[in-house]
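If you read the sequences in order, they're chains A and B.
Using this note's numbering, read the first sequence as starting at 1 and increasing by one per residue.
Using this note's numbering, read the second sequence as starting at 1 and increasing by one per residue.
2 protein chains.
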Amino acid sequence: MKMPRHRRHSNTIRDVAALAGVSISTVSKALSGGGRMRPETRDKVREAANTLGFRPNSLAQSLHQNRSRTIGILSTDRFGRFSFPIVEAMEEVLANEGIGIFMCNATDDPEREKQHISQLLAKRVDGIVVTARRADRRPGIELIGRDIPVIYVFSQSENNNALSLLPDDEGGAVLATEHLLSLGRRRIAHITGPEGFEAVRLRHRGYVRALQQARMPQPPELYLSGAWSETWGREAAQKLLDLAEPPDAIFCGNDQIARGAIDCMREAGVSVPHDIAVVGYDNWEVMAEACRPRLTSIDMNLMELGREAGRALLQLMSGGKLSGVRRLPCSLVIRHSSGPVKH
Amino acid sequence: MKMPRHRRHSNTIRDVAALAGVSISTVSKALSGGGRMRPETRDKVREAANTLGFRPNSLAQSLHQNRSRTIGILSTDRFGRFSFPIVEAMEEVLANEGIGIFMCNATDDPEREKQHISQLLAKRVDGIVVTARRADRRPGIELIGRDIPVIYVFSQSENNNALSLLPDDEGGAVLATEHLLSLGRRRIAHITGPEGFEAVRLRHRGYVRALQQARMPQPPELYLSGAWSETWGREAAQKLLDLAEPPDAIFCGNDQIARGAIDCMREAGVSVPHDIAVVGYDNWEVMAEACRPRLTSIDMNLMELGREAGRALLQLMSGGKLSGVRRLPCSLVIRHSSGPVKH
DNA sequence: CTGAAAGCGCTAACAA
DNA sequence: TTGTTAGCGCTTTCAG
């Protein structure tokens with residue numbers, strides 16, 4: 001038997017074979033569990049493998065099988081509050097299938113992004129997931145010559161036959177608005193973020209749609225677009241309070257705005273939810289729980305989005321075909337800021 | 001020339017060789033840039049490689065070189081607010097060296113953790129980083145028979161000859177307290193989280209040390225330990241206000257507590273920073289900026305911690321030896337809640 | 001200066 | 001039932 005050139009750092013199948021006194025291929029078959037063989041041989045091999053702490057080298061396996069059981073996740077924007085639950089849930093689904101995840105971050109740097117993609121391809125990943133903090137469209141990624149599945153999560157490709165998974169922003173806004181309507185509220189305002197965000201436009205559309213269906217008027221002075229901040233929430237709430245006829249409910253584009261609005265009202269002596277009910281968006285626990293009263297909010301179910309992304313990728317990797325934009329439902333988490341039915 | 005058995009998904013060195021009309025080994029040498037060869041041959045090869053979009057298969061390279069240029073990062077607790085900047089910075093450092101990062105999450109599930117480690121070993125990672133949300137001690141991980149570098153970041157192994165990288169909590173607390181002292185504050189309170197956390201104990205120690213050095217008394221009623229929440233911050237601040245002799249400054253164990261305290265005081269008509277100055281901990285932007293007045297806070301420099309972790313791992317991977325607990329300095333970010341010098 | 005051949009660790013087809 | 005052999009894609013001697 002020849003000696004290996006490199007010092008090896010872990011036991012190979014050859015060592016197991018030697019210890020068990022069988023051939024390499026027998027070891028392979030024994031451990032893979034397949035094929036027919038004498039049980040005692042199998043046991044002997046298993047025992048040898050165990051005492052050596054043998055783990056097959058997946059690099060070698062991958063090389064042979066032409067699949068690495070590995071995927072890459074590429075964040076266009078830095079990994080943030082929204083990406084985390086998604087990534088975490090996806091990781092769980094894929095890890096259960098023995099698939100490893102390469103994490104790449106290319107914060108708004110196309111050059112870095114290219115490098116990362118190139119690395120991922122060199123590492124022969126079986127799939128790529130693209131995420132962004134903001135759910136706006138971005139150019140599809142370039143897979144120079146290779147044909148592996150790519151999906152966009154919380155992010156959308158300009159290339160329409162790719163699969164995108166997103167939260168249903170419009171639906172979430174409908175949920176929030178209908179909730180307020182069902183409580184008997186009639187003048188519902190909407191304070192939201194910058195109109196540059198597709199999410200802002202979609203949520204606004206949902207809000208409008210719900211009001212229309214309920215045949216409610218939508219006075220333009222009740223719609224306020226600004227920044228994604230508490231400061232803007234306070235400012236906008238003040239504007240609403242200064243109106244000749246203030247609203248009796250506010251649907252906010254995110255939880256920070258909602259918190260600002262609630263703070264403003266409490267300080268102005270306006271009771272939430274009695275005088276004005278408030279619903280936020282994101283269901284960001286630390287924010288929602290810190291509001292006084294605790295904030296009713298729309299949850300985008302990011303974990304579910306992540307799990308779904310994991311499943312979709314698995315399907316694509318095993319040859320399935322999926323494409324188009326899928327929007328997953330949000331849900332309403334009721335706390336105290338939307339309060340009981342108004343009399 | 002024999003045909004490959006499997007359908008290949010990307011071009012191999014063999015294809016490049018065929019196109020360039022040279023041997024495989026020539027291609028290898030030409031692309032690696034080493035060795036002596038006729039420049040025109042090298043160019044010919046490069047061109048062929050380019051037109052085919054050839055990327056060497058790193059699985060094969062790794063197999064040969066016995067190193068995968070890949071590491072694993074294992075989060076004991078879920079990836080959260082603290083892990084993110086660390087991971088992001090580390091990723092940047094390592095990605096620049098062409099090293100890929102496998103992300104594994106094993107939220108407080110030892111079984112999952114074992115599986116992940118086993119997978120990482122099978123993937124022949126060149127190193128492992130262990131992180132946790134809380135900087136408390138944990139058992140070292142088991143590398144059944146393999147000898148690869150492991151470091152603990154924002155987390156500490158019970159095994160003392162491993163390397164741990166942590167923020168200097170005690171130093172951060174000293175920084176905060178001395179800042180308040182330098183502003184002329186004399187009765188400095190400390191509201192903090194549960195004493196179960198090592199960070200709480202260390203920050204308390206730093207606070208005490210700074211007071212002792214300044215020969216300030218430390219009345220026990222000025223130390224309040226509770227939850228990591230705004231609610232606790234408000235509650236504790238109220239207790240302090242109710243004291244016969246309230247403090248003229250509060251050092252808070254995190255920014256949420258600080259925010260609660262500030263809110264409480266504003267509502268009680270106590271001026272921050274005029275009557276009572278406040279310093280927080282974590283420098284969590286969204287929190288610190290949303291406080292009124294904006295919150296002075298201690299920054300743990302998590303990005304720097306992550307970069308340092310990346311560098312340390314690179315050293316270990318190239319044979320260096322590092323061990324023990326290293327604590328990296330925090331810094332003070334001054335905003336308005338600590339205000340100007342008191343007269 | 002270039003090519004042939006061996007081998008990294010593993011699997012799978014084929015022989016014995 | 002078990003062993004022999006070829007080959008995954010690449011690098012690296014060693015000959016030519």
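We put the beta carbon where it would ideally sit given N, CA and C, even for glycine.
State buried or exposed for residue i, treating a residue as buried only when at least 16 other CB atoms are found within 10 Å of its CB.
i	result
A:L175	buried
B:Q119	buried
A:P167	buried
B:M317	buried
A:S25	exposed
A:P139	exposed
A:R69	buried
A:K321	exposed
B:A268	exposed
B:A48	buried
A:P39	exposed
A:G339	buried
A:S58	buried
A:A214	exposed
A:V16	buried
B:A290	buried
A:M3	Low confidence applies to A:M3: its pLDDT is 32, below 50, so where it sits in the model is not reliable enough to give any reading.
B:Q65	exposed
Would you kindly check if the distance between the Cβ of residue j and the Cβ of residue i is under 9 Å?
i	j	result
B:T76	B:T107	yes
A:I117	A:I71	no
A:D282	A:D263	no
A:V279	A:H179	yes
A:G260	A:T231	yes
A:L52	A:N11	yes
B:L165	B:I148	no
A:F79	B:V87	yes
A:S62	A:R124	yes
A:G233	A:V200	no
A:E273	A:G226	Checking the sequence, you will find Pro at residue 273 of chain A rather than Glu. Cβ atoms of A:P273 and A:G226: not closer than 9 Å.
A:E158	A:K114	no
A:E198	A:R133	no
A:A236	A:I257	yes
A:A173	A:I13	no
A:L305	A:F154	yes
A:R46	B:R81	no
Cutting at 8 Å between CB atoms, please list the residues of its own chain near residue i, excluding the five before and the five after it.
i	result
A:R294	A288, R335, H336 and S337
B:A162	G140, V150, I151, Y152 and S323
B:G127	I71, G72, I148, P149, V150, I151, L313, L316 and M317
So, for residue i: in the same chain, excluding its five sequence neighbours on each side, which residues have a beta-carbon less than 6 Å away from its beta-carbon?
i	result
B:M303	P85 and A89
B:L202	D169 and E170
A:R42	A30
A:H190	Y207, Y223 and F251
A:V22	none
B:K44	A20
A:G310	M90, V93 and L94
A:P246	L240
B:E211	A small fix is needed here, since residue 211 of chain B is Leu in this sequence, not Glu. So the qualifying residues of the chain are Q218.
A:R326	L165
B:W284	D255
B:F54	N11 and V16
A:T192	V200, S225 and G253
According to DSSP, residue i sits in a beta bridge with which residue or residues?
i	result
A:T131	A:S75 and A:V153
B:T192	B:S225
B:P167	B:L328
A:T70	A:G100
A:N105	A:S75
B:R137	B:Q156
A:V333	A:S297
Spatial neighbours of residue i within its chain, please: C-beta separation below 7 Å, excluding the five flanking residues on both sides.
i	result
B:R186	M216 and D248
B:E308	L165 and L328
B:M103	I73
B:N105	S75, R78 and F79
A:I99	R69, T70 and I71
- Task: Mind listing, in chain order, the continuous alpha helix (DSSP H) runs of no fewer than 4 residues lying wholly within the stretch 42-66 of chain A?
- Result: Segments of the alpha helix (DSSP H) lying fully in the stretch 42-66 of chain A: 58-65.
- Message: For a minimum of 3 consecutive residues, which ranges assigned as the beta strand (DSSP E) are wholly contained in the stretch 203-236 of chain B?
- Response: If one requires a minimum length of 3 residues, the beta strand (DSSP E) runs lying completely within the stretch 203-236 of chain B are 223-225, in chain order.
- Would you mind listing the beta strand (DSSP E) stretches within the stretch 230-308 of chain A that are 3+ residues and don't spill past its ends, in chain order? Fully enclosed beta strand (DSSP E) runs of 3 or longer: 249-252, 277-281 and 296-299.
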